[in-house]
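Undergrad:
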Amino acid sequence: MSDLEDIDPFSDTLPFSDTLPYTINDDSDDSFEKEEENQLISINLNYQPEVKTQFCCQLDRDIHQGDFTIQITGAQKTTDNAGSTFITYTIKAGEQEVKRRYSEFESLRKSLMRLYPTLIVPPIPEKQSFVDYATMQGKAKEDITMIEKRKRMLQSFLNRVSKHPQLSGEHIFHKFMESNVSWNEVLHSYPLSSLPKNILQTSPANLSQSNVSPVNSSAHPPLLTPSPSQQLKKPDPKFIESEAFTRKFSNHISQNMEKTNKRIWKRLGDFSNDYAELGAIYNGFSLNESGDLANAIEKVGQAVDSTYVATGDLISSLEVEFTEPLQEYSQFASVIRQVLNYRHMKHLQMELIAETLEKQKVALDGLEKSEIEAKRIEEVLSNEHVSPASLFQENENNDNYENGHYEELFQNGDASQPTGSGHNKKLSGSKIFSVLSHTIHGIMDVDPEAARRNSIGKTRETIIQLEEALETTTEDLKKISLSIQNDLDRFQRQKIMNLKEMLIAYAKNHLKWCKKNLSNWEEAKAEVEKVQT
Amino acid sequence: QLSHSNASNAAISTAFPMTITVAEPLKEFDGTKDAFISYLITTKTTLDTFSSPTVSVRRRFQDFVWLHNSLSRDFAACVVPPLPDRHRMEYITGDRFGPEFVEKRRASLQRFLTRLSRHPTLQKSEYFRIFLESREWNRESSLYRQKKPGDGVFENLGDALLNAFSKLKKPDEKFVEIKESVDKLEENLQTIDRLYQKIIKRQTDLEVDYRDFGSSITGLGQLETGITAPLEQFGDTISKFADAWKRMTYREENGYLAQIRDYLTYCHCVKNVLKLRDQKQVDFEDLSEYLQNALMERENLMNTGKSSTGISSFLRETVDNIKGVDQEQVKKERLQKLDSKIAELEKEVENSNDVSDQFSLEVAKEYEIFQTAKTIEMKDCLLAYADSHVEFYRQGVELWEEIIPILDDIKFQA
Chain A
1 MSDLEDIDPF
11 SDTLPFSDTL
21 PYTINDDSDD
31 SFEKEEENQL
41 ISINLNYQPE
51 VKTQFCCQLD
61 RDIHQGDFTI
71 QITGAQKTTD
81 NAGSTFITYT
91 IKAGEQEVKR
101 RYSEFESLRK
111 SLMRLYPTLI
121 VPPIPEKQSF
131 VDYATMQGKA
141 KEDITMIEKR
151 KRMLQSFLNR
161 VSKHPQLSGE
171 HIFHKFMESN
181 VSWNEVLHSY
191 PLSSLPKNIL
201 QTSPANLSQS
211 NVSPVNSSAH
221 PPLLTPSPSQ
231 QLKKPDPKFI
241 ESEAFTRKFS
251 NHISQNMEKT
261 NKRIWKRLGD
271 FSNDYAELGA
281 IYNGFSLNES
291 GDLANAIEKV
301 GQAVDSTYVA
311 TGDLISSLEV
321 EFTEPLQEYS
331 QFASVIRQVL
341 NYRHMKHLQM
351 ELIAETLEKQ
361 KVALDGLEKS
371 EIEAKRIEEV
381 LSNEHVSPAS
391 LFQENENNDN
401 YENGHYEELF
411 QNGDASQPTG
421 SGHNKKLSGS
431 KIFSVLSHTI
441 HGIMDVDPEA
451 ARRNSIGKTR
461 ETIIQLEEAL
471 ETTTEDLKKI
481 SLSIQNDLDR
491 FQRQKIMNLK
501 EMLIAYAKNH
511 LKWCKKNLSN
521 WEEAKAEVEK
531 VQT
Chain B
1 QLSHSNASNA
11 AISTAFPMTI
21 TVAEPLKEFD
31 GTKDAFISYL
41 ITTKTTLDTF
51 SSPTVSVRRR
61 FQDFVWLHNS
71 LSRDFAACVV
81 PPLPDRHRME
91 YITGDRFGPE
101 FVEKRRASLQ
111 RFLTRLSRHP
121 TLQKSEYFRI
131 FLESREWNRE
141 SSLYRQKKPG
151 DGVFENLGDA
161 LLNAFSKLKK
171 PDEKFVEIKE
181 SVDKLEENLQ
191 TIDRLYQKII
201 KRQTDLEVDY
211 RDFGSSITGL
221 GQLETGITAP
231 LEQFGDTISK
241 FADAWKRMTY
251 REENGYLAQI
261 RDYLTYCHCV
271 KNVLKLRDQK
281 QVDFEDLSEY
291 LQNALMEREN
301 LMNTGKSSTG
311 ISSFLRETVD
321 NIKGVDQEQV
331 KKERLQKLDS
341 KIAELEKEVE
351 NSNDVSDQFS
361 LEVAKEYEIF
371 QTAKTIEMKD
381 CLLAYADSHV
391 EFYRQGVELW
401 EEIIPILDDI
411 KFQA
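Going down the list, the protein sequences come from chains A and B.
Numbered per UniProt numbering, the first sequence spans residues 1 to 533.
Numbered per UniProt numbering, the second sequence spans residues 1 to 414.
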């Protein structure tokens, strides 16, 4: 998706908006309110029916029947024939089991994004930086922690895809998890092999008319690609709002929430180590004392030790149940930005086509006017034997228009450039010159009339094509906007539910930590109270 | 608020015939350069030496110093509990009237008086009584200010004490053990002090971290208009959680850590008394050595007629012979001198032995008192310490239990 990634139409002058832009369309029906939170609503936009009855394979069936989870059960260091070492992850889905490496996950995701540019494809954990690789060679413990984290996040990716109303039905996704399927083969066969390099040049694959294949026929000529720095003439206010909101959300998650969360995580780790040290000190202390006092000090030491252990548990639980999902949402924000970007580019595209069409129409108009003029002159010439000079005098005002036009035609050979550069040359010298050029051109064996008629023909053809393209893109844009809006709504629902889960997990883990420590410290306090004085 | 608990809650008994509280710090002569803080000292006692069972007076730090010095001077064998450090940073920064400093000091002064009240000897001293109830403070205390050093039962070495322990010929095993024990205690307390300073900082940082995180959650609530209310409440929960951290840290720093440091100073006092005891023994050992030498000299004189041998005595003899000195006469004179020296030394040795023995007995008793005090004090200290944790986790349980149902109620609103 490098094409889309390079483009960023967002300038700082986009309007600021506070309101929740991810709203369900006003003309939605009442069934939305009746729907339970957890059911995903799919708008019948594309060829997928609301309740799925047709399945492409067993996995497809499994995924859509009730509670289905995909698991990544293991990670192994593998060496291939070429001698390079990498990690493969074992995926277990229903009856299927297969090993895939990170780069294959990456390409699966890229493929989904190209097939479904209007949908919010879940993120995968980021590629390891060089620094990570370097440290990976060293400490085995960090190695394991990172691999475990990757396992969890890749697993989450697969499950999120399987719960997406449209993505879950995509067959290449099923193939990815199927035993004994070569991913390389999938990449080189239909539908992935027939996607154009720049997906802006066709209609979005997932919204095509065809029921059978999601890819547009290649008979359709490639659409114009707009420049990313262009501004929309009539931007859609709702999507401007969405873009602004996404930016704010993205900033807040990564600059604010992720940062402060990480600080706590780190500090709790330090705190935990402090307490480990403290526990040892109290234990040593109790050995130097005797009787009740020694017992009391020992018990306090034990409470300290258990705080150290409980804090370790808190830290790792928070990592899995809060920090990692938070990271996913930070990445989700980027995905949404890319999707909105795609729509933005399509909108620009539509405007560009409309603009180009206008220009062509103006050009055609001009050419047709010339054609009419030429015919009139011919008629006059054939009916009367008038000297060319008087002819020119009569047609003084129209003269230069025609001459100027001819010159331009022969310069570019292309009717798309508008004319309008004629100005009056009253000097007779130039009239003679124009007659001469007329003659010279005649000698040069280029027939101006034929050329003009050619241009008219070509322009007419271009106009027809552009009109078709405009119709397609306008339709596409409508569908794209609707599809995106729906997926945003679905995403918003998912996000709220996930946030709810994350916060509950945060609270529950802290509660557990407090309860455990409370009981240990109450025990210690009781032991201290026993000391006889 | 830190509790003044221990002293006021302890029951009055024969061993502890008084309870004392130090309270109500008051700034006097405010605005002048002579301003100071005075404290209300309330004593409840069964001792009949006091004019009434309950007495109250106001005293300032200077007065505590008088009490401390008087006791240290007159009861050298006793371990007089320490006063809070006079020369603290707060004096330089001018913050000696700040509430935290005043509170720390008040707590420390209370510990000082409580310890005195539990000490069987010191609790009965006149100085103590004057301090606790005298209505004519200036007159009565100045009476005792004139006393010269050395008038006490035992000679004191004053505040500038020996840095190292003196080397003993025959170290007393009991006191060697005691010293080792106190050393270990000191070491443990110092380690706790050092580590706790780190922990206090860590917890203070953690409190700030939680607050920042809480704000970020509230901030998210501003963006996500569908769940603004529950997220605000979550942010509020975190903020209260941070408050709880703050409270525990405060109790640990101003209660636990302050007591640990105080106790370290107390240990130093004990060590000083031990040093003094060793010094008394050294005095005795040195004197005994002199006596031994003198006896040996007499022995030699008796047996050989010579008080010494060697070149110098030979020379002296030769000179004497030339001079015509009467050897017998000389011998008689020398013997007389030695005898009187020996008699004197014998008396001194006996005296020194008595002093040393007596001192050792006292110090041994003091150590017992110290040990008992230690048990009581450590118990109180650890109790408050454990309690500050119990309080924190209890508050935590309440806070987190409260927010969960609110989060559970979150529903998606279109």
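From the three backbone atoms N, C-alpha and C, an ideal C-beta is built for every residue, glycine too.
Alpha carbon to alpha carbon, how far is I253/A from L352/A? Give it in angstroms, no decimals.
TA: Within the first sequence, numbered from 1, the residue matching residue 352/A stands at position 352. Within the first sequence, numbered from 1, the residue matching residue 253/A stands at position 253. Near 35 angstroms, if we compare the C-alpha coordinates of I253/A and L352/A.
Undergrad: Check for me: the beta strand (DSSP E) holding M257/A runs from which residue to which?
TA: Mapped onto the first sequence, residue 257/A falls at position 257. Premise fails: M257/A is in no beta strand (DSSP E) and is neither H nor E.
Undergrad: When burial is assigned at 16 or more other CB atoms within 10 Å of the CB, is D365/A buried or exposed?
TA: Taking the first residue of the first sequence as 1, we reach residue 365/A at position 365. Classification for D365/A: exposed.
Undergrad: Less than 8 angstroms between CB atoms is the rule here; does M378/B satisfy it with respect to chain A?
TA: For this step, residue 378/B is matched to residue 378 along the second sequence. True, the Cβ-Cβ gap to chain A drops below 8 angstroms.
Undergrad: Beta carbons nearer than 9 angstroms to chain A: which residues of the stretch 360-378 of chain B have them?
TA: Flagged, chain order: T372, K374, T375, I376 and M378.
Undergrad: Could you list the residues in the stretch 185-206 of chain B with a C-beta less than 9 angstroms from some C-beta on chain A, going in chain order?
TA: Here the close residues are L185, E187, N188, L189, T191, I192, L195, Y196, K198, I199, R202, Q203, D205 and L206.
Undergrad: So, helix, strand or coil for I406/B, using DSSP?
TA: Indexing the second sequence from 1 puts residue 406/B at position 406. It is helical.
Undergrad: Can you find a CB in chain D that lies within less than 8 angstroms of the CB of A296/A?
TA: Protein chains A and B are contained in the structure displayed, whereas chain D is not.
Undergrad: May I ask you to list, following chain order, the residues of the stretch 333-357 of chain B that have a beta carbon less than 9 angstroms from some beta carbon of chain A?
TA: Listed by position, the residues of the stretch 333-357 of chain B near chain A (Cβ gap below 9 angstroms) amount to none.
Undergrad: Given a cut-off of 8 angstroms, decide if I480/A and K266/A are closer than it, judged by their beta-carbon atoms.
TA: Translated into the one-based positions of the first sequence, residue 266/A becomes position 266. Translated into the one-based positions of the first sequence, residue 480/A becomes position 480. No. Outside cutoff.
Undergrad: Using alpha carbons as the reference points, say which of K259/A, S483/A, E328/A and T311/A lies closest to F213/B.
TA: Looking up residue 213/B in the second sequence gives position 213. Nearest of K259/A, S483/A, E328/A and T311/A to F213/B, Cα basis: K259/A.
Undergrad: Note down the Cα distance separating G66/A from D80/A, rounded to an integer number of angstroms.
TA: For the purposes of this step, residue 66/A is taken as residue 66 along the first sequence, with counting starting at 1. For the purposes of this step, residue 80/A is taken as residue 80 along the first sequence, with counting starting at 1. Cα to Cα, the separation comes out at about 38 angstroms.
Undergrad: Rounding to the nearest angstrom, what Cα-Cα distance links G422/A and N383/A in this structure?
TA: In the first sequence, the residue the question calls residue 422/A occupies position 422. In the first sequence, the residue the question calls residue 383/A occupies position 383. At G422/A, the pLDDT of 42 sits below 50, so the modelled position is not reliable; the number obtained from the coordinates is stated separately. Spanning the two alpha carbons is a distance of roughly 28 angstroms.
Undergrad: Counting only C-beta atoms, is W400/B closer than 8 angstroms to chain A at any point?
TA: Counting from one through the second sequence, the residue named residue 400/B turns up at place 400. Chain A, which has a Cβ nearer than 8 angstroms to the Cβ of W400/B, makes this yes.
Undergrad: Would L112/A pass as a contact of F173/A if the rule is Cβ separation under 8 angstroms?
TA: Looking up residue 112/A in the first sequence gives position 112. Looking up residue 173/A in the first sequence gives position 173. Yes.
Undergrad: Would you say Y210/B reaches chain A, if we count a Cβ-Cβ gap shorter than 8 angstroms as a contact?
TA: For the purposes of this step, residue 210/B is identified with residue 210 of the second sequence, where counting begins at 1. Chain A contact via Cβ: present.
Undergrad: Among G396/B, A76/B, H119/B and V102/B, which has the Cα closest to the Cα of D85/B?
TA: In the second sequence, the residue the question calls residue 85/B occupies position 85. Selected option, being the one with the closest Cα: V102/B.
Undergrad: Is it the case that the stretch 241-260 of chain B contacts the stretch 281-297 of chain A, given that we only count it when at least three CB pairs across the two stretches are under 8 angstroms?
TA: Because the criterion of three Cβ pairs below 8 angstroms is not met, the stretch 281-297 of chain A and the stretch 241-260 of chain B do not touch.
Undergrad: How about the stretch 447-455 of chain A and the stretch 365-380 of chain A: do they share at least three Cβ pairs that are nearer than 8 angstroms?
TA: Touching, yes, given that three or more Cβ pairs across the two stretches are closer than 8 angstroms.
Undergrad: Looking at the strands, I want to know which residues DSSP matches up with F86/A.
TA: For the purposes of this step, residue 86/A is taken as the residue at position 86 of the first sequence. Looking at the DSSP assignment, F86/A forms a beta bridge with T78/A.
Undergrad: List the residues of chain B that L340/A touches, going by C-beta distances under 7 angstroms, in chain order.
TA: Locating residue 340/A in the first sequence gives position 340, counting from the first residue. None at all; the shortest Cβ gap to chain B is about 17 angstroms.
Undergrad: Just checking my contact of G301/A with N283/A at CB under 8 angstroms: how many whole Å lie between their CB atoms?
TA: As a first step, residue 301/A must be located in the first sequence, where it is residue number 301. As a first step, residue 283/A must be located in the first sequence, where it is residue number 283. G301/A to N283/A, Cβ: 4 angstroms. Contact.
Undergrad: Tell me, please, which residues DSSP counts as bridged to I41/B.
TA: Working through the second sequence from its first residue, we reach residue 41/B at position 41. Its beta-bridge partners are V22/B and V57/B.
Undergrad: By the three-class DSSP mapping on this structure, what secondary structure does A526/A have?
TA: For the purposes of this step, residue 526/A is taken as residue 526 along the first sequence, with counting starting at 1. A526/A falls in the helix class under three-state DSSP.
Undergrad: Can you tell me which of E285/B, T191/B, T375/B and E362/B puts its alpha carbon nearest to the alpha carbon of D292/A?
TA: The residue labelled residue 292/A in the question sits at position 292 within the first sequence. The shortest C-alpha separation from D292/A is found at T375/B.
Undergrad: With a CB to CB cut of under 8 angstroms and the five nearest residues on each side skipped, what residues in its chain are close to Y393/B?
TA: Residue mapping note: residue 393/B aligns to position 393 of the second sequence, counting from 1. Cβ neighbours of Y393/B beyond the five flanking positions: none.
Undergrad: So which residues on chain B does K508/A lean against when the C-beta distance must stay under 9 angstroms?
TA: Locating residue 508/A in the first sequence gives position 508, where the first residue counts as 1. Here the neighbours are W400 and I404.
Undergrad: With a 10 Å radius around its C-beta and 16 neighbouring C-beta atoms as the bar for buried, classify G269/A as buried or exposed.
TA: Walking along the first sequence from the start, residue 269/A turns up at place 269. Burial call: exposed.
Undergrad: I'd like to check one pair, Q166/A with N206/A: are the Cβ atoms closer than 8 angstroms?
TA: One-based indexing of the first sequence puts residue 206/A at position 206. One-based indexing of the first sequence puts residue 166/A at position 166. Yes.
Undergrad: Distance check for Y367/B and D172/B, CA to CA, integer angstroms please.
TA: Within the second sequence, the letter at position 172 stands for residue 172/B. Within the second sequence, the letter at position 367 stands for residue 367/B. D172/B and Y367/B: Cα-Cα distance of roughly 15 angstroms.
Undergrad: What is the C-beta distance between H64/A and S168/A, in whole angstroms, given that I count them as a contact (C-beta under 8 angstroms)?
TA: Your numbering for residue 64/A matches position 64 in the first sequence. Your numbering for residue 168/A matches position 168 in the first sequence. That belief holds up - the Cβ atoms of H64/A and S168/A are roughly 7 angstroms apart, short of 8 angstroms.
Undergrad: Can C338/B and L301/B be called in contact, C-beta distance under 8 angstroms?
TA: By one-based count along the second sequence, residue 338/B stands at place 338. By one-based count along the second sequence, residue 301/B stands at place 301. The sequence given here has Leu at residue 338/B, not Cys. Their beta carbons are under 8 angstroms apart, which means L338/B touches L301/B by this criterion.
Undergrad: On the three-state DSSP scale, how would you describe F16/B?
TA: Counted from its first residue, the second sequence places residue 16/B at position 16. The answer is coil: DSSP assigns F16/B none of H, G, I, E or B.
Undergrad: Rank E95/A, L224/A, M153/A and I496/A by C-alpha distance to the C-alpha of A354/A and give the top, closest one.
TA: Here residue 354/A corresponds to residue number 354 of the first sequence, with the count starting at 1. Cα-wise, what sits closest to A354/A is L224/A.
Undergrad: Nearest-angstrom Cα distance between E377/B and L132/B?
TA: Here residue 377/B refers to the residue found at position 377 when the second sequence is read from its first residue. Here residue 132/B refers to the residue found at position 132 when the second sequence is read from its first residue. Each residue's Cα considered, the two are about 22 angstroms apart.
Undergrad: Can you find the residues in the same chain that come closer than 8 angstroms, C-beta to C-beta, to E24/B, ignoring five residues on each side of it along the sequence?
TA: Position 24 of the second sequence, counting from 1, holds the residue named residue 24/B. Hits under 8 angstroms: Y39 and L40.
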